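Visitor: Right, I'll just put the structure down here and ask away after.
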Amino acid sequence: MRSTSLLLLLIFLLSCSENKEKKESPNFILFLVDDQGWSGTSVNMSDNIDSSGSLYFETPNLERLASSGMRFSRGYSSSPVCSPSRYSIQYAQSAARLKMIRVGMNTKHIDHNKTITIPKKLKEINSNYVTAHFGKWGIDAEPSLLGYDYDDGKNGNKEGVFINNKTQWNTTFSDDPKKIFSLAEKAVDFLDQQKKSKKPFFLQVSHYAVHTNIISKEETHKKYLGKDKTRSTDNAGFAAMTENLDEGLGIILDKLEELNLTDNTYIIYTSDNGSVPTIPAKRYYKESINFPLSRGKWDAMEGGIRVPFIVSGPGIQKMSESKVPVVGYDILPTIVDLAGSDIQNKEDIDGGSFKKILLSGKDVKINRHYPGIIFHVPYENKIALARAHSSIIKNNFKLIKFRNNNELVLYDIDNDFMEAENLLEQYPELTDELESLLDGYLFKFKSLKWQNGINWKNVNVNKVNSFYE
12 MRSTSLLLLL IFLLSCSENK EKKESPNFIL FLVDDQGWSG TSVNMSDNID
62 SSGSLYFETP NLERLASSGM RFSRGYSSSP VCSPSRYSIQ YAQSAARLKM
112 IRVGMNTKHI DHNKTITIPK KLKEINSNYV TAHFGKWGID AEPSLLGYDY
162 DDGKNGNKEG VFINNKTQWN TTFSDDPKKI FSLAEKAVDF LDQQKKSKKP
212 FFLQVSHYAV HTNIISKEET HKKYLGKDKT RSTDNAGFAA MTENLDEGLG
262 IILDKLEELN LTDNTYIIYT SDNGSVPTIP AKRYYKESIN FPLSRGKWDA
312 MEGGIRVPFI VSGPGIQKMS ESKVPVVGYD ILPTIVDLAG SDIQNKEDID
362 GGSFKKILLS GKDVKINRHY PGIIFHVPYE NKIALARAHS SIIKNNFKLI
412 KFRNNNELVL YDIDNDFMEA ENLLEQYPEL TDELESLLDG YLFKFKSLKW
462 QNGINWKNVN VNKVNSFYE
């Protein structure tokens, strides 16, 4: 009888131990950087493409992060411009669905108090989650409305030093360029607090770098002035600012190790859109800063939307790469999945979880409720293509539809990431399928419709009344 009691006690204690282990919620840190291109770091985002990283830029801490986790060689921002991407990450919906397609929009049509946001979903899973956002917010509502416990305000570019004139392209110097080190200090303080509280956390650090104005530490700039350029587009100030940003990342990685938090923390590093194609910006140019990708920020070509996308954390194979396309609005459902839950009403979001890819190391399909990844630029940006366009990516193929004349182009992105060969005539049925999916999506969500002369800036979209319907 006594031996039976001891056995039952042992089983009970083991069960309690297992339950405790299961209940330990993971931590999450999202590094969202600004205007960083796919090839704008020293990390090769693809093992098969040497030019997917830079030999001029130096980002040793990002190399360190990449070596500890998985690179997504086809990682995409949700939009080729910043605010729509930031909205999309928080709500797991495409910019087209949110009708948030450019900076400076009137946002009265958006319900900012949605029930599905990263902080709100995590708190549903475990009410002990503590959430914080520091840096560039870019959303027309206070972070607290979305569920953040701590934040440093409803910040935009100006808080990170941005003057919208020609001086933005000239390099200036600071000991705290683009508030890189101030943000790192806020993040470190938050991590110290959470270590003491023993509560799980979600921390988003949204850097103002590497958006203009170009600001760096003077000694870093001197280093790049003396360094041989490897591309015609290499810019010493831009490279110095990028390295300073990397130093900020290193401070936070060091703190995680110091506090012994690394083993239970998932880190996601990505950018809100691709880099500006040239410094200074101009519409016509021979080669983009985003080479080997075409064009850059403002356009839904690969240079404007394919970005660094790196994830590390428990269970993720070191130094691994996935070729599965992922997008900014996949981040929320992935975090929720890693935290031990899922989104019940999948039709309420556009994103899908890539947890299985992270933990299996295999390129398995992401289940999104709506097929394909959607990009929508329904206005003419004079510094970019100056043509309203939309696109859809599904598996290896990408269809772009130009709205001024309904011209279509089809690319096999796996084999033609430079978007050089239009395969429209070779794949007429696939073209029809993708066009139908793209237009069907825009009609379903009554996305904003291009009309000549509409730029969607500072106007109430309901008064303009130009929708797909």
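Here the sequence shown is numbered in the working numbering, starting from 12 and rising by one per residue.
Built from N, CA and C at the ideal position, the CB exists for glycine as well.
If you're wondering where the values come from, they're calculated on a predicted model, not measured in any experiment.
Where are the beta strand (DSSP E) runs, 3 residues long or more, that stay fully inside the segment 32-89, in chain order?
Guide: DSSP runs (the beta strand (DSSP E)) wholly in the segment 32-89: 38-44 and 80-83.
Visitor: Quick one: is S371 buried, meaning 16 or more other Cβ sit within 10 Å of its Cβ, or exposed?
Guide: By the neighbour-count rule (16 or more Cβ atoms within 10 Å), S371 is not buried but exposed.
Visitor: Please determine, among N255, L434 and G464, the residue with the shortest C-alpha to C-alpha distance to N392.
Guide: The residue with the shortest Cα to Cα distance from N392 is G464.
Visitor: Quick check on the DSSP output: the alpha helix (DSSP H) that includes F454 runs from which residue to which?
Guide: Start and end: P439 to K455.
Visitor: Just curious, the beta strand (DSSP E) that L369 is in, first and last residue?
Guide: Looking at the DSSP string, L369 is not in any beta strand (DSSP E); the run it does join, the alpha helix (DSSP H), is K366 to S371.
Visitor: Would you call the segment 393-406 and the segment 439-458 touching, i.e. three or more CB-CB distances under 8 Å?
Guide: Taking 8 Å as the limit for Cβ pairs, the verdict is that the segment 439-458 does touch the segment 393-406.
Visitor: Using CA atoms only, rank isn't needed, just tell me which of G259, I300, T118 and T231 is closest to S243.
Guide: The candidate whose alpha carbon is nearest that of S243 is I300.
Visitor: Looking at A106: is its Cβ nearer than 7 Å to the Cβ of P95?
Guide: The answer is yes: Cβ separation under 7 Å.
Visitor: Give the C-beta separation of L256 and V322 to the nearest angstrom, bearing in mind that I take them to be a contact with Cβ-Cβ under 8 Å.
Guide: L256 to V322, Cβ: 18 Å. No contact.
Visitor: My output table needs one value for S282: the three-state DSSP class, helix, strand or coil.
Guide: Residue state, collapsed to three classes: strand.
Visitor: At which residues does the alpha helix (DSSP H) containing N410 begin and terminate?
Guide: Rather than Asn, the amino acid found at residue 410 in this sequence is Leu. Segment F408 to F413 is the beta strand (DSSP E) holding L410; no alpha helix (DSSP H) there.
Visitor: Secondary structure at R511, three-state DSSP: helix, strand or coil?
Guide: An answer regarding residue 511 cannot be provided, because it is not within the stretch 12 to 480 covered by the chain.
Visitor: With a cut-off of 8 Å, do at least 3 Cβ pairs link the segment 172-181 to the segment 135-154?
Guide: The answer is no - the segment 135-154 does not touch the segment 172-181, with fewer than three Cβ pairs under 8 Å.
Visitor: Give the range of the beta strand (DSSP E) segment to which F213 is assigned.
Guide: Run containing F213: F212 to S217, per the beta strand (DSSP E) assignment.
Visitor: Which class does H123 belong to by DSSP, given the choice of helix, strand or coil?
Guide: Coil.
Visitor: Name the residue from K131, N168 and L41 whose alpha carbon lies nearest to the alpha carbon of V221.
Guide: The residue with the shortest Cα to Cα distance from V221 is N168.
Visitor: Would you grab the beta carbon distance between F365 and V347 for me? Rounded to a whole angstrom, and I think it's under 8 Å.
Guide: No, F365 and V347 are not in contact; Cβ-Cβ is about 12 Å, not under 8 Å.
Visitor: Consult DSSP for V287 and reduce its assignment to one of helix, strand or coil.
Guide: Correct three-state label for V287: coil.
Visitor: Looking only at C-alpha atoms, which of L396, T52 and K334 sits nearest to R294?
Guide: Out of L396, T52 and K334, L396 has the C-alpha closest to the C-alpha of R294.
Visitor: Answer yes or no: do S282 and H387 have a C-beta to C-beta separation smaller than 7 Å?
Guide: No, they are not a contact pair.
Visitor: Indicate whether the contact test is met: 3 or more Cβ pairs, each with one atom in the segment 266-277 and one in the segment 199-209, closer than 8 Å.
Guide: Touching, per the Cβ criterion.
Visitor: So if DSSP puts Y422 in a beta bridge, which residue, or which two residues, is it bridged to?
Guide: K409.
Visitor: Looking at the secondary structure, which residues open and close the beta strand (DSSP E) in which E230 lies?
Guide: Not the beta strand (DSSP E): E230 falls in the alpha helix (DSSP H), residues E229 to L236.
Visitor: Compute the Euclidean distance between the alpha carbons of D310 and K209, then round it to the nearest angstrom.
Guide: D310 and K209: Cα-Cα distance of roughly 44 Å.
Visitor: Of all the options P389, E196 and Y235, which has the alpha carbon lying nearest to the alpha carbon of L267?
Guide: Out of P389, E196 and Y235, E196 has the C-alpha closest to the C-alpha of L267.
Visitor: Please return the same chain residues whose Cβ sits closer than 7 Å to the Cβ of E32, not counting the five positions on each side in sequence.
Guide: For E32, the predicted model reports a pLDDT of 44, less than 50, meaning its position is unreliable; a value from the coordinates is still stated below. Excluding sequence neighbours, E32 sits near nothing in its chain.
Visitor: Is it the case that the Cβ atoms of N356 and I290 are separated by a distance below 7 Å?
Guide: Result no, Cβ atoms of N356 and I290 do not sit closer than 7 Å.
Visitor: Relative to the C-alpha of G166, which residue among G146, Q179 and S155 is closest?
Guide: A small correction: the amino acid at residue 166 is Asn; Gly does not occupy that position in the sequence shown. When each option's Cα is compared against that of N166, the closest is G146.
Visitor: If we ignore side chains and look at the alpha-carbon of each, how far apart do L41 and T126 end up?
Guide: The alpha-carbon atoms of L41 and T126 are separated by roughly 20 Å.
Visitor: Would you call K455 buried or exposed, if buried means 16 or more other Cβ atoms sit within 10 Å of its Cβ?
Guide: Classification for K455: exposed.
Visitor: Which residue wins for smallest C-alpha separation from E229, given the options P188, K240, I263 and M116?
Guide: The shortest C-alpha separation from E229 is found at P188.
Visitor: For L272, which three-state DSSP category applies?
Guide: Reduced to three states, the DSSP call for L272 is coil.
Visitor: According to the neighbour-count rule (16 or more other Cβ atoms, all chains shown, within 10 Å of its Cβ), is E69 buried or exposed?
Guide: It is buried - the Cβ of E69 has at least 16 other Cβ atoms within 10 Å.
Visitor: Just to check my reading of the structure: N38 and T276 have Cβ atoms closer than 8 Å, yes? What is that Cβ distance to the nearest angstrom?
Guide: The Cβ separation is near 4 Å, so the contact holds.
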